[in-house]
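Chains as they are written, first to last, in the working numbering: chain A, 50 to 530; chain B, 59 to 590. We put the beta carbon where it would ideally sit given N, CA and C, even for glycine. First the structure, in the form of structure tokens, and then the observations on it.
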């Protein structure tokens, strides 16, 4: 028996949870009292509650599982905060980055087979096959995709991220972002201009394929030259930080970031030997699309979070990604596993003529921005964004405040002026998501559920609780095993 | 009967809140039956048994509210359901845009700790299957725990007590109803002055009664540490009781220690008595319902709550208070004179489980056979808890009476129903009622109980006999309900007021003995199986 008389030594200060009325005596005695608004954690089962309790850190017990997790998470946070993503190159073709990819198509979200894919993703697969000339007609393309002779794999497992359907085929050029701190690289395809009709929203009409060719033949070589002309590459963190102060969340609003990119490449392009026509075409493309920077934002976040992945015991989410059917998360200490749950339909505004009935469930790798503490987590920086959900600027502040309850730190590199320049919350801890029963919020665009129909709206969505509950269960198993 | 069911998803409410909503809905819409339960497995089974389960409720999760309304008139159902939904929503905090933008109140212990002023104790009363998880989280974050919740899996109870012992923290409970730590009342607790007597107890109302008597006799409480009823089982091993003893041994303010508990498992009992002998302070031990045992050295053994309080006060202040034997004797004589010979049996209708055991102990000590839903001997278990037989002591706080409704210390409905039923029984000699005051209990029990006592007595009188109702009030002058006022209101309704639970049981026992003796004397003894 080593009972220290601590229970009686301190001034009694109470936290009360559960049935009302049992803390009336505490209240009347004048002792400090905090009454919780308790709800069952996670999915509401007692089993999850017990698993979660095994994962709580303890400052007086360094060997308990929770303390190991806390230490691992501190390491992960350090890696996130010290990351220095820099745009260093354009890969002319994805096949340069992954020479063995053959007939592989990378896609957004967790693994999924052709027959399980949603409409837009199937459409994008057809488009990519046509673009690669692996088939002559959409019908043949579908047959090929169904034949098993195309390999499908998540972008995330290749160090890449793709917006919406996120399809990357071997000929596509990619942004290359290097994390100068850890040395790792991340890749993202370039934004197509062309409004609703783009491959990333599942369109595969001839003009979509032409647009992709234009990226490959014009935009990519020009941007490759442009970045080559910037000594040491373009550091993205300062640029993104500045964009937050200009009203972007660098996920669903990239207006400022795109302008800053435009400024950075203009001089470099003009100094290059590229013809005036091509320079014009390149600048026109960037200038025409407020979202052009998103590819670089995503790649920067991916380069950051990949460096934080694989720290044993860590409970920090290193990827949240959606394939239009399921949302999957990856957890730093649980390498090699996806934890998936059904994707919700985003809540928000629809373009004229469309409604929720037309909407595809949440899709895309762009939630890597939220994973890295941007997007909805930095919503306080982008009050204009809340118009998508009919909210007020106060709601924007609330998102950033609430997400602090599911994260382990703040990023001093990404500050939020409206919240007194506090750092944006970063490092989603699956334990906190379950404990607070608070699902991470994601800013997103909404795709039509039929292939080829394109974007129909934008809004916010939350990652399903099941992903986090399953991850908590897996972490608890480490402790038991 | 037409039934309509629906689910309110992702909103947990405790049973008291749900009960309140049901009552208001019935009152406002006149619908016959409203059942609101969280979607747990056991609640679904309960609905199944009650014939209220429907396919619409099968998908309900433990964090969803199941809503069932039933009425002969189907047209009432929709209105009732609307009312329920608006009451559920109405209970949520609402406000203008500024409030909406403000942060939601903390849900988790971590956030509670973050905003609290050096929190050091978690008071946990969430449903049992979730309770140990919350306790473990609290312990890991350095908090002591009072676990009011019951139905905690034994493996989880053992696990949390192991962690607590490692960290030198206290887990009071599971199933711990009361404690006073550093003068702060927790759970069901009376307002008593601070003083030199430290209590450890596995029985909530037992602790409350002892501390109230100590207070009423001028002494005070240093600490009252509840252990919960399972702590003294051999599976748990009395971890908290032993820890409590050590804490009180080390506590400078504590001069005398008193232990109140049902009899622990034999191995635990041995350990507790051994430890008690070594702490260097006098210890009074009351294992209520156990075999009487001799005192030895600094360890004083008692067999009633009143005796425990007397001993503790005597040791702390060397002025043992007198039992009110004279008053009780007078009461018994007066009461017996009003009874007719058929009135032979005692009926104890208790909201406190300890009082129910104590009454059985005292009544059995003179050879009465006492049936109960919580019997001291299995052979004396009531066949039907709704039907008393011979001398009967009922614990109305036990599960069969509390599923889906608040504890009888809060809701007097079930007890009043039972009181009126007993009043109709010509063989009843007297009824004993406890009235528990203090935080957590009904805010004004006498206001509810006094009219019911009047009705019961009037009903018996209508059948040509008097019905004595003996009440004791477990409370103090400092309790929010005001002890003297409560007593006066009950006395005004014709109740006989006795100063202690033990005294009330003794008075009743004397009445039963005297009625049986009168019976013998007049040679009309009939073997009815009610006595042995």
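- Message: Am I right that residue 453 of chain B and residue 559 of chain B are in contact with their C-beta atoms under 8 Å? What's the rounded C-beta distance?
- Response: Here residue 453 of chain B refers to the residue found at position 395 when the second chain is read from its first residue. Here residue 559 of chain B refers to the residue found at position 501 when the second chain is read from its first residue. About 13 Å separates the two Cβ atoms, so there is no contact after all.
- Message: Taking contact to mean 3 or more Cβ pairs, one atom from each stretch, closer than 8 Å, check whether the segment 403-416 of chain B and the segment 566-578 of chain B are in contact.
- Response: yes
- Message: Taking 8 Å as the limit between beta carbons, can you name the residues of its chain near residue 108 of chain B, skipping five residues before and five after?
- Response: Your numbering for residue 108 of chain B matches position 50 in the second chain. So the list reads 93, once near-sequence residues are dropped.
- If you run the structure through DSSP and keep just helix, strand and coil, what is residue 236 of chain A? Position 187 of the first chain, counting from 1, holds the residue named residue 236 of chain A. Looking at residue 236 of chain A - three-state DSSP - the assignment turns out to be strand.
- Query: Measuring CB to CB, does residue 475 of chain A end up less than 8 Å from residue 520 of chain A?
  - Reply: Position 426 of the first chain, counted from the first residue, corresponds to residue 475 of chain A. Position 471 of the first chain, counted from the first residue, corresponds to residue 520 of chain A. Contact: no.
- Query: On the three-state DSSP scale, how would you describe residue 487 of chain A?
  - Reply: Mapped onto the first chain, residue 487 of chain A falls at position 438. DSSP places residue 487 of chain A in coil when its eight states are reduced to three.
- Message: Buried or exposed for residue 173 of chain B, going by 16 or more other Cβ atoms inside 10 Å?
- Response: Against the second chain, residue 173 of chain B aligns to sequence position 115. Residue 173 of chain B should be labelled exposed.
- Does residue 390 of chain A come within less than 8 Å of chain B when only Cβ atoms are used? Walking along the first chain from the start, residue 390 of chain A turns up at place 341. So no, residue 390 of chain A is outside the interface.
- Message: Excluding the 5 residues flanking residue 217 of chain B on each side, which residues of the same chain have their C-beta closer than 8 Å to its C-beta?
- Response: As a first step, residue 217 of chain B must be located in the second chain, where it is residue number 159. Correct list, in chain order: 190 and 194.
- Task: List the residues of chain B that residue 75 of chain A touches, going by C-beta distances under 8 Å, in chain order.
- Result: Along the first chain, read from residue 1 onward, the residue named residue 75 of chain A stands at position 26. Result: 181, 242, 243 and 244.
- residue 219 of chain A burial status per 10 Å Cβ neighbour count (16 or more: buried): By 1-based counting over the first chain, the position of residue 219 of chain A is 170. Buried, by the Cβ-count rule.
- Message: Run through chain A and tell me which residues come within less than 8 Å of residue 125 of chain B, C-beta to C-beta.
- Response: Along the second chain, one-based indexing puts residue 125 of chain B at 67. The premise fails here: residue 125 of chain B is roughly 17 Å from chain A at the closest Cβ pair, so nothing lies under 8 Å.
- Query: If you measure beta-carbon to beta-carbon, which residues of the segment 87-98 of chain A are closer than 8 Å to chain B?
  - Reply: 87, 88, 89, 90, 92, 93, 94, 95 and 98
- Query: residue 319 of chain A: buried (16+ other C-beta within 10 angstroms of its C-beta) or exposed?
  - Reply: As a working note, residue 319 of chain A is residue 270 in the first chain. Per the 10 Å Cβ criterion, exposed.
- Query: Among the residues of its own chain, which have a CB less than 8 Å from the CB of residue 63 of chain A, if the five just before and after it don't count?
  - Reply: Translated into positions along the first chain, residue 63 of chain A becomes position 14. Only 72, 75, 80, 81, 82 and 83 meet the Cβ criterion.
- Could you give the distance in angstroms between the alpha-carbon of residue 174 of chain A and the alpha-carbon of residue 241 of chain A? Along the first chain, read from residue 1 onward, the residue named residue 174 of chain A stands at position 125. Along the first chain, read from residue 1 onward, the residue named residue 241 of chain A stands at position 192. The alpha-carbon atoms of residue 174 of chain A and residue 241 of chain A are separated by roughly 16 Å.
- Helix, strand or coil at residue 4 of chain B [DSSP, three-state]: Residue 4 of chain B falls outside the range modelled here, since chain B spans only 59 to 590, and no answer is possible.
- Rounded to a whole number of angstroms, what is the C-alpha to C-alpha distance between residue 120 of chain B and residue 64 of chain B? Taking the first residue of the second chain as 1, we reach residue 120 of chain B at position 62. Taking the first residue of the second chain as 1, we reach residue 64 of chain B at position 6. Between residue 120 of chain B and residue 64 of chain B, the C-alpha separation is close to 14 Å.
- Message: Please tell me whether residue 129 of chain B has its Cβ less than 8 Å away from any Cβ of chain A.
- Response: To locate residue 129 of chain B, count along the second chain from 1; it is residue 71. The Cβ of residue 129 of chain B sits no closer than 8 Å to any Cβ of chain A.
- Query: Considering only residues of the same chain and omitting the five flanking positions on each side of residue 453 of chain A, which have a CB-CB separation below 8 Å?
  - Reply: Counting from 1 along the first chain, the entry for residue 453 of chain A is found at position 404. Counting only Cβ-Cβ distances below 8 Å, and skipping sequence neighbours, we find 459 and 474.
- Euclidean distance between Cα positions of residue 295 of chain B and residue 219 of chain B: Stepping through the second chain from its first residue, residue 295 of chain B is reached at position 237. Stepping through the second chain from its first residue, residue 219 of chain B is reached at position 161. One C-alpha to the other measures close to 10 Å.
- Item | Exposure of residue 255 of chain A, with buried meaning 16 or more beta-carbon neighbours within 10 Å | Along the first chain, read from residue 1 onward, the residue named residue 255 of chain A stands at position 206. Under this definition residue 255 of chain A is an exposed residue.
- Item | Contact set between the segment 326-338 of chain B and chain A, restricted to residues whose Cβ is under 7 Å from the partner | Listed in sequence order: no entries.
- When A/70, A/97 and A/298 are compared against residue 516 of chain A, the one with the closest alpha-carbon: In the first chain, counting from the first residue as 1, residue 516 of chain A sits at position 467. Ranking the options by Cα distance to residue 516 of chain A, first place goes to A/97.
- Task: Can you pull the chain B residues whose beta carbon is under 8 Å from the beta carbon of residue 109 of chain A, in chain order?
- Result: Start at 1 with the first residue of the first chain, and residue 109 of chain A comes out as number 60. By Cβ distance, chain B contributes 200 and 225.
- In angstroms, rounded to a whole number, what distance separates the CA positions of residue 233 of chain A and residue 135 of chain A? Translated into positions along the first chain, residue 233 of chain A becomes position 184. Translated into positions along the first chain, residue 135 of chain A becomes position 86. Each residue's alpha carbon lies about 11 Å from the other.
- Query: Taking Cβ positions, are residue 398 of chain B and residue 251 of chain B nearer each other than 8 Å?
  - Reply: The sequence position of residue 398 of chain B within the second chain is 340, counting from 1. The sequence position of residue 251 of chain B within the second chain is 193, counting from 1. Between residue 398 of chain B and residue 251 of chain B, the gap from beta carbon to beta carbon reaches 8 Å or more.
- Does any CB atom of chain A fall closer than 8 Å to the CB of residue 184 of chain B? Taking the second chain and counting its residues from 1, one reaches residue 184 of chain B at position 126. Output row for residue 184 of chain B: interface = yes.
- Query: So with Cβ pairs under 8 Å, would you call residue 72 of chain A a contact of chain B?
  - Reply: By one-based count along the first chain, residue 72 of chain A stands at place 23. Taking 8 Å as the threshold, the shortest C-beta distance from residue 72 of chain A to chain B falls below it.
- Task: Decide if residue 85 of chain A is buried, meaning its Cβ has at least 16 other Cβ atoms within 10 Å, or exposed.
- Result: As a position in the first chain, residue 85 of chain A is number 36, starting the count at 1. By the 10 Å Cβ count, residue 85 of chain A comes out buried.
- Query: Would you say residue 398 of chain A and residue 507 of chain A are within 8 Å of each other, going by their C-beta atoms?
  - Reply: Taking the first chain and counting its residues from 1, one reaches residue 398 of chain A at position 349. Taking the first chain and counting its residues from 1, one reaches residue 507 of chain A at position 458. Their beta carbons are under 8 Å apart, which means residue 398 of chain A touches residue 507 of chain A by this criterion.
- List the residues of chain A that residue 94 of chain B touches, going by C-beta distances under 7 Å, in chain order. In the second chain, counting from the first residue as 1, residue 94 of chain B sits at position 36. Going along chain A, no residue has its Cβ under 7 Å from residue 94 of chain B, so there is no contact; the nearest lies around 15 Å.
- Helix, strand or coil: how does DSSP classify residue 409 of chain A here? Taking the first residue of the first chain as position 1, residue 409 of chain A is located at position 360. Looking at residue 409 of chain A - three-state DSSP - the assignment turns out to be coil, as it is neither helix nor strand.
- Item | Three-way DSSP call (helix, strand, coil) for residue 109 of chain A in this model | Here the question's residue 109 of chain A lines up with position 60 in the first chain. Three-state result, residue 109 of chain A: coil.
- Message: For residue 254 of chain B, would you say it is in contact with chain A, using Cβ-to-Cβ distances shorter than 8 Å as the test?
- Response: Walking along the second chain from the start, residue 254 of chain B turns up at place 196. With 8 Å as the cut-off, residue 254 of chain B does not count as an interface residue toward chain A.
- Message: Looking at chain A, is there any beta carbon in it that lies within less than 8 Å of the beta carbon of residue 66 of chain B?
- Response: The residue you call residue 66 of chain B lines up with position 8 of the second chain. Not an interface residue.
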